[in-house]
Structures are given as structure tokens and as C-alpha cells.
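Taking it in order: structure first as C-alpha cells, then the write-up.
Residue numbers (the working numbering): 209 to 536.
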């Protein structure tokens, strides 16, 4: 590997692809600055959903996911991203600085991982069970390359308690009008560049077949995937050993790795964060995985979407010029 100057069009193309990363309610709380051959990632506090995400933890997780997507996109372009996380103690919103080295070889795995980015979807419908899960689980475990994030697969015996935690979380917020107003705003039916379109939400009947999930506004459309009577997904839990901003950023990077690995394996995924937004629910999740000294950050439903399903449309994203600035 050797130091290299990267063409601006390559960097902007990687940013555009990276911004397909998932974020809380598709809020896209990130801001990029390109300064010569260095790319900086910042948290955009104007896009933090404070009624849902009071500490901004999920926004930083979202930024971790976009950072890892950027790393993957640059690797497919032949550049290794050398990441300095939280480079400035004076600027807590400055999440990362990235410089580049030229890679000696771009592998097929590098290309496939980048190709998985636009293929990934958040699927809120019930899943068929993943066959050969043992081999899949090993691949998913191996996709995480940091000791700061722990991956556990929830046992089937714990699933009823997980459902109870999901119901508890929703009930505790039932009378919070600010939370529901925020939720409604980010699921506006005609938004073109942000938020969750109604086409990506489950109807009331579809939602009854999924035991763990946030209660979104229910659109009216023909019931889909009726041949899957209940959700047979596996539930993956990503936890950290601390609860700092760096832990959240690292967790977001691991989330990106897991989602892309599942996509490459042909598995459908749905990221769940509502059960980690309240302290009581987070503690219960930690007990369910037998790791009460960890902090559960994100859950992921993993399963199989029938091949007969139509591929749902991609959720909207802001234009790359809205989320980035080039400093000459």
C-alpha cells in the first residue's frame, strides 16, 4: 500500500453510495467535508430526533453505519480508508477524519460488498426461517472486525420475553404526544428525499404477524407475504462494553458490516432500535443474552424474504451536494 491522492469524483461517488446507509427514520444525520485528500464526517445535530433519541446515540450509530459504507465504497474503488475516530476533543460532532492509501489488490469480496449497499433494504414484513443458519451465523460473526462490539443471537426461548420488552417500550410511550408527532412527521407519505415512505411500512394486518417492531403509522395497502403466517426471523443483538459516543460509532460500523454480510448471503434484514431507547428495555435485553455487563445498542431481525416478492423500492436519500461540502 502507498499514499495516494484520490480523484474528487471518486470520493463523491463513494459518499453518494455510502449515504444509502440506514439511519433512524431515514433522518440521515450526517455531514461530510472534503478537504483536499482528507474526508471529514460530522454529526448533523439539526437532524437528531430528540424525542426518540434523546441522547443522540442512535444518530451517532447511523453515522457509524455511513462511515463503514464509505470505507466499503472506497475499497471497491481501490483505496483503503484510514480512519481517525473523534480526531478533535474540541469538536465532539467531528466523528471521523479519513485519509487514503492505494490498495495493491481489489478483491471480488470488496466489489460484492459495495454492490450489496444499493441492494440492502429494511424489510418490516415477516420473514421465513433462514435455512443453514449455523453457517450463516458464523459468517455474520466474522463480519465484525472489532473487539468493542459484541454480537449475540437471541435464543428462541427468549423470544417471548423480547416480545414483552417490545410491548413494554411501546406502552411506555403511548401517551407521549411529542414522540408520536415526531414519528408521524418522519413517515410523511410524499417525502422525496428523507423519512420512511408508506411503501416501506407494514399494514396493520402485516404488523400483527411480526412480534417485535416499532409501531409506525399503518398504511392501507394489499396484504403482502401472506404465505408467511408469523415471523420466523433470528434476532441478532449488537452490544458494546461501554456507552460512550465512540462505542455508538463503532456499533454503527459493525451494524453496517452485519447488514451487508446478510445481504450478500441473500438474507433479509430489519434493524430494530425501539427496544434499546429506554433504559428498562435495554436492561432486559442484556439479561436475555446473558450479558448484563454490556449495553445493547441495536437489534436486527434476520430471515428470508420469499423469492416471489417484488423488490421494494429504495427509500429516498438527500442529494450528495446537500450532505457534503468541498473545501479547496
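Where is the CB? At the ideal position from N, CA and C, for every residue including glycine. Every value quoted in this text rests on a predicted model; they were computed, and no experiment measured them.
Asked	Found
Beta carbon of residue 457, beta carbon of residue 272: below 8 Å?	yes
Rounded to whole angstroms, what's the CA-CA distance from residue 455 to residue 448? Just pull it up for me.	6 Å
Write down every uninterrupted run of the beta strand (DSSP E) in the segment 242–294 whose length is 3 residues or greater and which is fully enclosed by it, in chain order.	246–251, 287–293
Measure the beta-carbon distance from residue 322 to residue 280 and round it to whole angstroms, keeping in mind my assumption that it falls under 8 Å.	5 Å
Using 10 angstroms around the beta-carbon of residue 254, count the other beta-carbons present and answer buried if the total reaches 16, otherwise exposed.	exposed
Spatial neighbours of residue 475 within its chain, please: CB distance less than 8 Å, with the 5 preceding and 5 following residues excluded, ordered by chain position.	338, 344, 510, 511, 512
Considering only C-alpha positions, which residue in the set 371, 314, 527, 470 is nearest to residue 350?	470
Within a Cβ cutoff of 8 Å, which residues of the same chain sit near residue 484, ignoring the five residues on either side of it in sequence?	490, 493, 504, 505, 506, 507
Could you say which of 397, 229, 391 lies nearest to residue 327 if we only look at CA atoms?	229
Report the option in 223, 247, 300 whose CA atom is closest to the CA atom of residue 284.	223
Could you give the C-beta distance for residue 579 and residue 443, rounded to a whole number, given that I count them as a contact under 8 Å?	Nothing about residue 579 can be reported from this structure: the residues present for the chain run from 209 to 536 only.
Considering residue 503, what are the terminal residues of the beta strand (DSSP E) in which it resides?	503–511
Could you round the C-beta distance between residue 501 and residue 334 to whole angstroms and report it? I think they count as a contact, below 8 Å.	About 33 Å separates the two Cβ atoms, so there is no contact after all.
Drop a sphere of 10 angstroms on the beta-carbon of residue 402, count the other beta-carbons inside from all chains shown, and report buried for 16 or more, exposed for fewer.	buried
Counting C-beta neighbours from all protein chains within 10 Å, is the total for residue 535 16 or more, i.e. buried, or is it exposed?	exposed
Give me the Cα-Cα distance between residue 209 and residue 355, rounded to the nearest whole angstrom.	Reliability of the predicted coordinates at residue 209 is poor, the pLDDT of 43 falling under 50, and no value is obtained from them.
Enumerate in chain order the residues of its own chain whose CB-to-CB distance from residue 290 is below 8 Å, with the five nearest sequence positions on each side excluded.	306, 307, 308, 309
Please indicate yes or no: does the CB of residue 393 lie closer than 7 Å to some heavy atom of the ligand ADP?	Inclusion of the ligand ADP in the displayed structure is not the case, the ligand content being empty and no account of it being possible.
Got a sec, what are the start and stop residues for the beta strand (DSSP E) residue 302 sits in?	302–310
DSSP on residue 442, reduced to helix/strand/coil?	strand
Would you mind reading off the limits of the alpha helix (DSSP H) that contains residue 471?	453–472
Per DSSP, what kind of secondary structure is residue 297 in: helix, strand or coil?	coil
Jot down the residue ranges of each uninterrupted alpha helix (DSSP H) in the segment 349–398, minimum 4 residues, whole runs only, in chain order.	367–380, 385–393
Report yes if the CB atom of residue 225 is closer than 8 Å to the CB atom of residue 267, and no otherwise.	no
Could you tell me the boundaries of the alpha helix (DSSP H) in which residue 327 lies?	316–327
Please name the residue, chosen from 357, 294, 370, that lies closest to residue 464 on a Cα-to-Cα basis.	357
In whole angstroms, give me the CA-to-CA distance for residue 453 and residue 364.	31 Å
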